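Participant: The letter at position 46 of the sequence shown is residue 46 when you use this note's numbering, and the numbering goes up by one with no holes.
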Amino acid sequence: RSFTDQLIINWREHPSIYELALHGYVHPDVRDLLDEPGSTKPPLSAQFVPSREIAGVVQKCHVGFVGYVPTDQNFHLISRASGQLVEFLRLGKPVIACGTTDLNDFVSERRVGIGITDPSQMPSAITKIMDGYQEYARNALKLFDEEFNFARYESGLLKFSGLMPSDEDVRT
Numbered sequence: 001r002s003f004t005d006q007l008i009i010n011w012r013e014h015p016s017i018y019e020l021a022l023h024g025y026v027h028p029d030v031r032d033l034l035d036e037p038g039s040t041k042p043p044l045s046a047q048f049v050p051s052r053e054i055a056g057v058v059q060k061c062h063v064g065f066v067g068y069v070p071t072d073q074n075f076h077l078i079s080r081a082s083g084q085l086v087e088f089l090r091l092g093k094p095v096i097a098c099g100t101t102d103l104n105d106f107v108s109e110r111r112v113g114i115g116i117t118d119p120s121q122m123p124s125a126i127t128k129i130m131d132g133y134q135e136y137a138r139n140a141l142k143l144f145d146e147e148f149n150f151a152r153y154e155s156g157l158l159k160f161s162g163l164m165p166s167d168e169d170v171r172t
């Protein structure tokens, strides 16, 4: 799972510290938690957000949250494979990474966010990010451009795949 249930519980305990909105797939157990009588419910999109609308959703937030439970080695090594992370970075949004994957160290070392192991650490992580927001946001954009911006690699990939002639082929 992705810590969504724990995040909701923490948000209910600290509603004045941060706003929470959920988008995309919500596990049935989490829906049950949301539907508890008398409980506060964060804004929730009823279905998947179409890919062409994701940037608009992300643009509305100040800080992104990405949580992964490492169920196998693939999830443990998620830092360079998280589409959620890339979308936040692309729009200059600092990230809180939750879990015990390499993503926590990655966001902290690159100063694009804070790594936490439990949603109970959200209030302090948010405070730290907001105190240095401009630097985290600037670093997020820079990291996206340096490592995740497909346009930087496009011609090399096309040459590698044979879909674009190499410099050597052009000269001959």
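Positions of the beta carbon are idealized from the N, C-alpha and C atoms, including for glycine. Model, not experiment: these values are computed from the prediction.
Pull up the distance between the alpha-carbon of F148 and that of I78, whole angstroms please.
Facilitator: Locating residue 148 in the sequence shown gives position 148, counting from the first residue. Locating residue 78 in the sequence shown gives position 78, counting from the first residue. Roughly 14 Å separates the two Cα atoms.
Participant: How many angstroms separate the CA atom of G132 from the CA atom of A151?
Facilitator: Stepping through the sequence shown from its first residue, residue 132 is reached at position 132. Stepping through the sequence shown from its first residue, residue 151 is reached at position 151. Computed Cα separation, rounded: 29 Å.
Participant: In angstroms with no decimal places, state the Cα-to-Cα distance between E36 and V49.
Facilitator: In the sequence shown, the residue the question calls residue 36 occupies position 36. In the sequence shown, the residue the question calls residue 49 occupies position 49. Going by the C-alpha atoms only, they are around 25 Å apart.
Participant: Does DSSP put G113 in a helix, a strand or coil?
Facilitator: Stepping through the sequence shown from its first residue, residue 113 is reached at position 113. Residue state, collapsed to three classes: strand.
Participant: Quick check for students: name the residue ranges of the alpha helix (DSSP H) that lie wholly in the segment 90-140, counting only runs of 4 or more.
Facilitator: Whole alpha helix (DSSP H) segments, 4+ residues: 102-109 and 122-131.
Participant: Between the Cα of S39 and the Cα atoms of I8, A137, T117 and M164, which residue gives the shortest distance?
Facilitator: As a working note, residue 39 is residue 39 in the sequence shown. Comparing Cα-Cα distances from S39 to each of I8, A137, T117 and M164, the minimum goes to I8.
Participant: Please say whether L34 and L44 have beta carbons closer to each other than 8 Å?
Facilitator: Within the sequence shown, residue 44 is the residue found at index 44, counting from 1. Within the sequence shown, residue 34 is the residue found at index 34, counting from 1. Contact: yes.
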